[in-house]
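Going by the working numbering, the first residue of the sequence shown is number 37, and it counts up by one from there.
Positions of the beta carbon are idealized from the N, C-alpha and C atoms, including for glycine.
Please read all numbers here as calculations on a predicted model, not as lab measurements.
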Amino acid sequence: MEKQNGKLKLLHLLRILITESDKDHPVTIGYIINELAQLGISAERKSLYSDFAALKECGYDVKTIRSKDVGYYLEDCPLSYEDAEDFWDMLHAQNIFDEDKVNYLKRKLESCISLNEKKKLRNRIYTTDRVSMKSDNFKRNLDIIHDAVASKKKISFIYADPILTFEETRKKKHTYVVSPYVISCNDGRFFLIAGSEEIEGLSHFYIDRIENIQITKQYATDVRVIAGDLDFDLNCYSKGLFDEYSKVTQSVTLSCDKSILTTVTALFNVSDMKYTGEDRYDVTFEMEITEEFLAWLFVNHSAVKILSPKTLTESMANAAKSIYISYI
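Set out below in structure tokens:
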């Protein structure tokens with residue numbers, strides 16, 4: 037019983053140091069003895085000094101502070117308070133998890149710091165317009181995609197494509213088999229950049245619209261083959277998709293061929309769409325007029341025509357003239 041009591045004493049001592057002490061709130065020998073006594077464990081000062089030495093030998097940096105009373109705390113806790121603050125802020129800033137999941141992770145985070153630090157951390161209060169997502173399915177999609185990218189395998193999934201709702205003769209969902217390359221994020225929305233045999237060029241799929249995702253036995257097609265460029269740099273492409281050039285947001289309306297609608301709705305937050313006949317749609321969305329956006333319009337000029345604003349049409353015309361003059 038003595039031996040078991042000694043083991044429990046050392047474990048509880050470590051717990052007290054982790055959860056109830058920090059640099060600003062060291063615990064005294066008297067406090068430790070009292071806490072252990074409430075658990076039915078007797079302890080003497082000399083035995084606690086031996087326990088401190090044992091913890092130091094095991095790699096725990098037990099520090100001593102001498103002021104009015106001698107106090108003890110752990111210098112290298114599993115998580116510093118500054119680290120906890122960073123993780124706490126990140127949990128409030130992200131849109132991956134729903135509120136229940138965030139609260140669960142916050143409780144796990146609080147278990148790694150002292151009681152005084154926990155009280156301080158809880159004073160960091162936020163008002164957040166959180167996007168509600170089915171966190172379990174969303175995280176599962178992310179995990180499977182990452183596994184597929186690592187193993188260089190294709191994935192199959194059902195995609196809830198909003199474009200298809202504009203044609204009553206077609207289904208609202210479509211099954212894709214793609215080569216996954218990278219996951220990117222813009223304005224809190226995560227999307228997959230991938231290549232497909234049935235769609236020319238790279239495609240973009242929002243993670244929260246993906247259903248029934250599975251890794252296939254087929255090896256993924258090299259991104260340079262899909263892009264049609266041996267010098268293609270996927271990292272530069274993904275980073276440049278939404279780089280800011282101008283902070284002025286304008287309402288943009290494009291006339292789009294049906295073949296590019298999947299890409300348009302994946303890239304831009306479409307607020308209105310109207311079928312105009314001959315397999316074309318007028319699509320409206322809010323957009324910052326950036327160099328990257330102009331470049332995208334150039335690349336897809338055969339499938340996309342600018343309807344408004346006039347300033348965007350003029351910018352494209354001037355850019356086209358400049359390029360023409362440079363090469364004649």
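- Counting of Cβ neighbours within 10 angstroms places threonine 312 among the exposed residues, the total staying below 16.
- Asparagine 177 has its alpha-carbon roughly 20 Å from the corresponding atom of threonine 299.
- Cβ-Cβ distances below 7 Å link leucine 72 to Lys45, His48 and Ala79 in the same chain, with the five nearest sequence neighbours on each side left out; the list follows chain order.
- If you draw a straight line from the Cα of cysteine 148 to the Cα of isoleucine 262, it comes to about 46 Å.
- Here glycine 231 carries a strand assignment [DSSP, helix/strand/coil].
- Contact between the region 229 to 241 and the region 254 to 272 is established, with three or more Cβ pairs separated by less than 8 Å.
- Of the residues assessed, phenylalanine 334 falls on the exposed side of the cut-off, its CB having fewer than 16 other CB atoms within 10 angstroms.
- Under DSSP, lysine 92 forms no beta bridge with any residue.
- In the structure shown, leucine 157 adopts helical secondary structure according to DSSP, grouped into three states.
- Just so you know, the alpha carbons of lysine 104 and leucine 115 end up roughly 28 Å apart.
- Exclusion of the five residues before and after lysine 310 leaves Tyr317 and Asp318 as the residues of its chain whose Cβ lies within less than 7 Å of its Cβ.
- Secondary structure at serine 291: strand, using DSSP grouped into helix, strand and coil.
- Linking threonine 289 to lysine 154 through their CA atoms gives a straight-line distance of about 50 Å.
- Within the DSSP bridge table, the entry for methionine 323 names Gln286 as partners.
- Collapsing the DSSP output to three states places isoleucine 52 in a helix.
- With three or more CB-CB distances shorter than 8 Å, the region 234 to 246 counts as touching the region 293 to 307.
- For glycine 66 and phenylalanine 133, the gap between their C-alpha atoms comes out near 43 Å.
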